[in-house]
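Visitor: The listed protein sequences derive, respectively, from chains S and C. Residue numbers for the first sequence follow UniProt numbering, beginning at 1 and rising by one. Residue numbers for the second sequence follow UniProt numbering, beginning at 1 and rising by one. We put the CB at the ideal spot given by N, CA and C, even for glycine. If you're wondering where the values come from, they're calculated on a predicted model, not measured in any experiment. One structure, as structure tokens, below. Some questions next.
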Amino acid sequence: MKEKIFLIEKIIVHLVVLLGLIVMIAPFLWMLSTSFKSTKAIFRFPPDWIPNNPTLINYTKLFQTLDFLTPFKNTIIVAFSITTLSLLICSMAGYAFAKFQFPGRDKLFLGLLGTLMIPGQITMIPVFLLLKKLGLLNSYLGLILPGLASAFSIFFMRQFIRTIPDELLEAARIDGASELYIFFKIILPLCKPALATLGIFNFTGSWNSFLWPLIIATDEKMYTLPVAIANLGGQYQTEYGLQMAGAVIVVLPVIIVFLMAQKYFIRGITLSGLKG
Amino acid sequence: MKKDIKVPLLFLAPALVLMLIFMILPIFVSFYLSLTDFNVFALVDWSKAKFIGLENYRKLLNDELFWKALKNTLYFVAIGVPCAIIFSLSFAILLNRPDIIGRNLFRVGFYLPHITTTVAIAVVWKWVLNPRYGILNWALSLFGITGPSWLGDPRWAMPAIIMLVVWKGLGYNIIIFLAGLQNIPEHLYEAAQIDGANRWQQLFHITIPLLRPTTFFVTVMTLIGYLQLFAEPYMLTDGGPLNSTLSIVLYMYRQGFKFFNLGYASAIAYVLFGIIFVATLIQMKFRDEEIQY
Numbered sequence: 001m002k003e004k005i006f007l008i009e010k011i012i013v014h015l016v017v018l019l020g021l022i023v024m025i026a027p028f029l030w031m032l033s034t035s036f037k038s039t040k041a042i043f044r045f046p047p048d049w050i051p052n053n054p055t056l057i058n059y060t061k062l063f064q065t066l067d068f069l070t071p072f073k074n075t076i077i078v079a080f081s082i083t084t085l086s087l088l089i090c091s092m093a094g095y096a097f098a099k100f101q102f103p104g105r106d107k108l109f110l111g112l113l114g115t116l117m118i119p120g121q122i123t124m125i126p127v128f129l130l131l132k133k134l135g136l137l138n139s140y141l142g143l144i145l146p147g148l149a150s151a152f153s154i155f156f157m158r159q160f161i162r163t164i165p166d167e168l169l170e171a172a173r174i175d176g177a178s179e180l181y182i183f184f185k186i187i188l189p190l191c192k193p194a195l196a197t198l199g200i201f202n203f204t205g206s207w208n209s210f211l212w213p214l215i216i217a218t219d220e221k222m223y224t225l226p227v228a229i230a231n232l233g234g235q236y237q238t239e240y241g242l243q244m245a246g247a248v249i250v251v252l253p254v255i256i257v258f259l260m261a262q263k264y265f266i267r268g269i270t271l272s273g274l275k276g
Numbered sequence: 001m002k003k004d005i006k007v008p009l010l011f012l013a014p015a016l017v018l019m020l021i022f023m024i025l026p027i028f029v030s031f032y033l034s035l036t037d038f039n040v041f042a043l044v045d046w047s048k049a050k051f052i053g054l055e056n057y058r059k060l061l062n063d064e065l066f067w068k069a070l071k072n073t074l075y076f077v078a079i080g081v082p083c084a085i086i087f088s089l090s091f092a093i094l095l096n097r098p099d100i101i102g103r104n105l106f107r108v109g110f111y112l113p114h115i116t117t118t119v120a121i122a123v124v125w126k127w128v129l130n131p132r133y134g135i136l137n138w139a140l141s142l143f144g145i146t147g148p149s150w151l152g153d154p155r156w157a158m159p160a161i162i163m164l165v166v167w168k169g170l171g172y173n174i175i176i177f178l179a180g181l182q183n184i185p186e187h188l189y190e191a192a193q194i195d196g197a198n199r200w201q202q203l204f205h206i207t208i209p210l211l212r213p214t215t216f217f218v219t220v221m222t223l224i225g226y227l228q229l230f231a232e233p234y235m236l237t238d239g240g241p242l243n244s245t246l247s248i249v250l251y252m253y254r255q256g257f258k259f260f261n262l263g264y265a266s267a268i269a270y271v272l273f274g275i276i277f278v279a280t281l282i283q284m285k286f287r288d289e290e291i292q293y
């Protein structure tokens, strides 16, 4: 009897989470399906989940007429630059905080953590004005520079580098290794798991970023994918197929990266969640 | 540990310089800007901006649209945060059961919306919420319910946005809750079982009380995130209908980057900062009193 109750309970629990899963992924499946539909097929009710006559017209229009290749290229350039440069800069700072003793270190570190609670909207306007003055609106530099140094990344790297034994560094110093050599040839290789986690985090973050590119990139040539898609919504309001195709293009790379690296993702989340 | 200031400073320099230029100084500049009438004319020639003291803040007090935005944001937070916590906690507890088959698949599936850009999500949801052709009202019609015109109705537009935002963040919170659940010592459950406590008693007397630090953390982080609501209403409704989804950040964006009232927009940003600051202080105060087990 008790066994039977447990079995029923088990089935109910699985049904509930399965229902939850369906609610979570249904919009994605619908997005994919709609992106292959002609305008006529989109306005069919009840909706078809699998397009009757799948068409690539939305994708060809996106790339040929609307030149989505440019925002795609921009997003790749910006996301890759932010990811790699930020990893370098923040692991350098993390190393300094983890492995050196200097006056004011702990206060500086605390102040750094304090900036975590500053909402981005506060800094947005002055940075916009500064970049305008420097003529960096509508430039890669304008999109990249403000995103490079992050308190969270420095904190994350410091936590990891602290676990590297001091003896290792001392031994290298006795062997006459320079500080740069130690950083690039000992610290960074040992940090691979942390760099991977943080890198994936930063990559998806900058790939998806919207408000800042929206402000800085006012010229079509500098649009990133999210901005280009937002504009698509304004100009081609009723062309849902086109909008869905755009959504697929910006979402798909991130989903692929996520599926390949979900182990790192989960680690990053738990770390950021519990120790932030 | 090495005690030499030159080397660490060299490693710190790039990060510190960037932080100083793009983070620390702007915080102060922003406050100063909020005390000026910096507008579209000053954009061309900075010297055109005049110091006006607290005038922007005084104007905010009498700005009906700002109060509307504030009220909308608080409404969004008041409904959205509890929904987010209840759903993610429930699913985390279910997914934490040892007898769940395919836990990893569920984790990945639930997490999917969180990693994807809001802009794309919003495009898709606009279509999901379409009153005539959308799947939401189609799904409701299967149960004989006629769904509302979600984004066209001032009463339903904010609930629709809440739905989207809660849906999007669910996976993230679930993972944090799962990590918290794994920290609860197994022996407590064993002891409770020996004492004859059933599942519900275990849930209410062990799981939920011991999860309190995690719940608290998730609540405050969600709250801070929700106070900064922007992309969803920007994309879905542009604040409408009848300003029913105008949020604080959307209003700030409008004032700052559409009308270029950058002084006024800075004042809005500072009010938002004040609210978030208070939320953070409350969190820190409670964190010190965190229960130990």
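In this structure, does DSSP put Thr-197/S in helix, strand or coil?
Guide: Here Thr-197/S sits in helix by DSSP.
Visitor: Tell me, please, which residues DSSP counts as bridged to Thr-222/C.
Guide: According to DSSP, which records beta bridges pairwise, Thr-222/C is partnered with nothing at all.
Visitor: Mind reading off the beta-carbon distance from Thr-73/C to Ser-247/C? Whole number of angstroms is fine, and I expect it under 8 Å.
Guide: Yes, Thr-73/C and Ser-247/C are in contact; Cβ-Cβ is about 5 Å, under 8 Å.
Visitor: Look up Thr-36/C in the DSSP assignment and give the residues it is bridged to.
Guide: Thr-36/C pairs with Phe-51/C.
Visitor: Could you have a look at Leu-148/S and say whether DSSP puts it in helix, strand or coil?
Guide: It is coil, neither helix nor strand.
Visitor: Just to confirm my understanding: we take Ala-247/S, look at its own chain, exclude 5 residues before and 5 after, and list those with CB closer than 7 Å. What are they?
Guide: If we look at Ala-247/S and ignore the five residues flanking it on each side, its Cβ neighbours are Met-31 and Ile-229.
Visitor: For Ala-150/C, return the contacting residues in chain S, with the cut-off set at a CB-CB distance below 9 Å.
Guide: What sits at residue 150/C in the sequence shown is Trp, not Ala. Chain S residues near Trp-150/C: none, gap ~14 Å exceeds 9 Å.
Visitor: Please list the partners that Val-17/S has in chain C, where partner means a Cβ-to-Cβ separation under 8 Å.
Guide: Those are Phe-91, Leu-94, Leu-95, Ile-100 and Phe-106, listed as they occur along chain C.
Visitor: Taking the beta carbon of Gly-268/S as the centre, do at least 16 other beta carbons fall within 10 Å, making it buried, or is it exposed?
Guide: Answer is buried; the Cβ neighbour count reaches 16.
Visitor: Using the beta-carbon count (16 or more within 10 Å), is Ile-276/C buried or exposed?
Guide: Buried, since its Cβ has 16 or more Cβ neighbours within 10 Å.
Visitor: Closest by CA to Phe-66/C, which one among Val-278/C, Phe-31/C and Ala-269/C?
Guide: The shortest C-alpha separation from Phe-66/C is found at Ala-269/C.
Visitor: Establish whether the CB of Gly-276/S and some CB of chain C are separated by less than 9 Å.
Guide: With a pLDDT of only 35 at Gly-276/S, under 50, the local geometry of the prediction cannot be trusted, and no value is derived from it.
Visitor: Using the C-alpha atoms, what's the distance from Phe-76/C back to Thr-280/C?
Guide: Straight-line Cα distance between these residues: approximately 19 Å.
Visitor: How long is the line joining the alpha carbons of Phe-38/C and Leu-214/S, rounded to whole angstroms?
Guide: Distance between the alpha carbons of Phe-38/C and Leu-214/S: 21 Å.
Visitor: In its own chain, which residues sit with a C-beta less than 8 Å from the C-beta of Cys-83/C, not counting the 5 before and 5 after it?
Guide: The answer, listed in chain order, is Ile-162 and Val-166.
Visitor: Is there at least one Cβ from chain C nearer than 9 Å to Tyr-264/S's Cβ?
Guide: Answer no: the Cβ-Cβ gap between Tyr-264/S and chain C never drops below 9 Å.
Visitor: Please check if any C-beta of chain S sits within less than 9 Å of the C-beta of Asp-4/C.
Guide: Yes, because at least one Cβ of chain S sits closer than 9 Å to the Cβ of Asp-4/C.
Visitor: Nearest CA to the CA of Ile-186/S: which residue from Met-117/S, Ile-57/S, Ile-164/S and Lys-40/S?
Guide: Comparing Cα-Cα distances from Ile-186/S to each of Met-117/S, Ile-57/S, Ile-164/S and Lys-40/S, the minimum goes to Ile-164/S.
Visitor: Is it buried or exposed, Gly-142/S, if we count other Cβ atoms within 10 angstroms and call 16 or more buried?
Guide: By the 10 Å Cβ count, Gly-142/S comes out buried.
Visitor: Counting only C-beta atoms, is Ile-291/C closer than 9 Å to chain S at any point?
Guide: Residue placement at Ile-291/C is poorly supported in this model, since its pLDDT is 48, which falls under 50; the coordinates still yield a value, given next. By this cut-off, Ile-291/C is not an interface position.
Visitor: Can you give me the Cβ contacts of Thr-34/S inside the same chain, cut-off strictly under 7 Å, excluding the 5 residues immediately before and after it?
Guide: Cβ neighbours of Thr-34/S beyond the five flanking positions: Ile-42, Tyr-240, Gly-241 and Met-244.
Visitor: Got a sec: is the Cβ-Cβ distance from Thr-36/C to anything in chain S below 9 Å?
Guide: By this cut-off, Thr-36/C is not an interface position.
Visitor: Which whole-angstrom value describes the C-beta separation of Ala-267/C and Asn-56/C, a residue pair presumed to lie in contact below a C-beta threshold of 8 Å?
Guide: That pair is a contact at about 4 Å.
Visitor: On a Cα-Cα basis, can you pick out the residue from Leu-12/C, Ile-184/C and Phe-91/C that is closest to Ile-174/C?
Guide: Nearest of Leu-12/C, Ile-184/C and Phe-91/C to Ile-174/C, Cα basis: Phe-91/C.
Visitor: By DSSP, does Ile-89/S sit in helix, in strand, or in coil?
Guide: Correct three-state label for Ile-89/S: helix.
Visitor: Cα separation between Val-271/C and Asp-153/C?
Guide: The alpha-carbon atoms of Val-271/C and Asp-153/C are separated by roughly 29 Å.
Visitor: Against chain S, with Cβ distances strictly below 9 Å, would Trp-127/C count as a contact?
Guide: It does; some Cβ of chain S falls within 9 Å.
Visitor: Which residues, in order along the region 218 to 229 of chain C, keep a beta-carbon less than 7 Å from a beta-carbon of chain S?
Guide: Those would be Gln-228, in chain order.
Visitor: Considering only residues of the same chain and omitting the five flanking positions on each side of Gln-193/C, which have a CB-CB separation below 8 Å?
Guide: Result list for Gln-193/C: Gln-202, in chain order.
Visitor: Starting from the beta carbon of Ser-30/C, find every residue of chain S whose beta carbon is closer than 7 Å, and list them in chain order.
Guide: Going along chain S in sequence order, the residues near Ser-30/C (Cβ under 7 Å) are Ile-122, Thr-123, Ile-125 and Pro-126.
Visitor: Please report the Cβ distance between Ala-151/S and Thr-197/S, rounded to the nearest whole angstrom; I am assuming they are in contact, meaning their Cβ atoms lie under 8 Å.
Guide: Between Thr-197/S and Ala-151/S the Cβ distance is about 17 Å, and since that is not below 8 Å, they are no contact.
Visitor: With a threshold of 8 Å (Cβ to nearest heavy atom), would Leu-88/S be considered close to the ligand COA?
Guide: This structure lacks the ligand COA; in fact it carries no ligand of any kind.
Visitor: Could you check the C-alpha separation between Ile-154/S and Ile-184/C for me, to the nearest Å?
Guide: Those two C-alpha atoms are separated by around 29 Å.
Visitor: Ile-17/C: buried (16+ other C-beta within 10 angstroms of its C-beta) or exposed?
Guide: Reading the sequence as shown, one finds Val at residue 17/C and not Ile. Flag for Val-17/C reads exposed.
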